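The structure appears below as structure tokens.
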Amino acid sequence: MSWEAQLAGAASSLLFVVLNCAMNIYTKWLFSPGGGDFALPWTMLAVQQAEASA
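Take the sequence shown: its letter number 43 is residue 43 in the working numbering, and every next letter is one higher.
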């Protein structure tokens with residue numbers, strides 16, 4: 001496997017990890033007692049679509 005393919009795979013994996021971490025933080029904040037009243041239902045769907053296409 002070439003280094004370009006390995007780099008592309010690593011970048012794709014890193015994107016997936018970053019999106020999942022961001023969604024976990026957003027979800028914990030959204031549903032916490034002192035959390036935000038800022039529900040964006042399309043956010044989770046948009047992230048799932050981005051992960052599916054990555």
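Idealized CB from N, CA, C, for every residue including glycine.
Since we're looking at a predicted model, the values are computed, not measured.
I'd like to check one pair, residue j with residue i: are the Cβ atoms closer than 8 Å?
i	j	result
S29	G35	The amino acid at residue 29 is misidentified as Ser; the sequence shows Trp. In contact: W29 and G35 (Cβ atoms closer than 8 Å).
M23	M1	no
L7	A50	no
Give the DSSP-derived three-state secondary structure of residue i in the structure shown.
i	result
M1	coil
S13	helix
L40	coil
S53	helix
Among residues of its own chain, excluding the 5 on either side of residue i, which ones have a beta-carbon nearer than 8 Å to its beta-carbon?
i	result
P33	none
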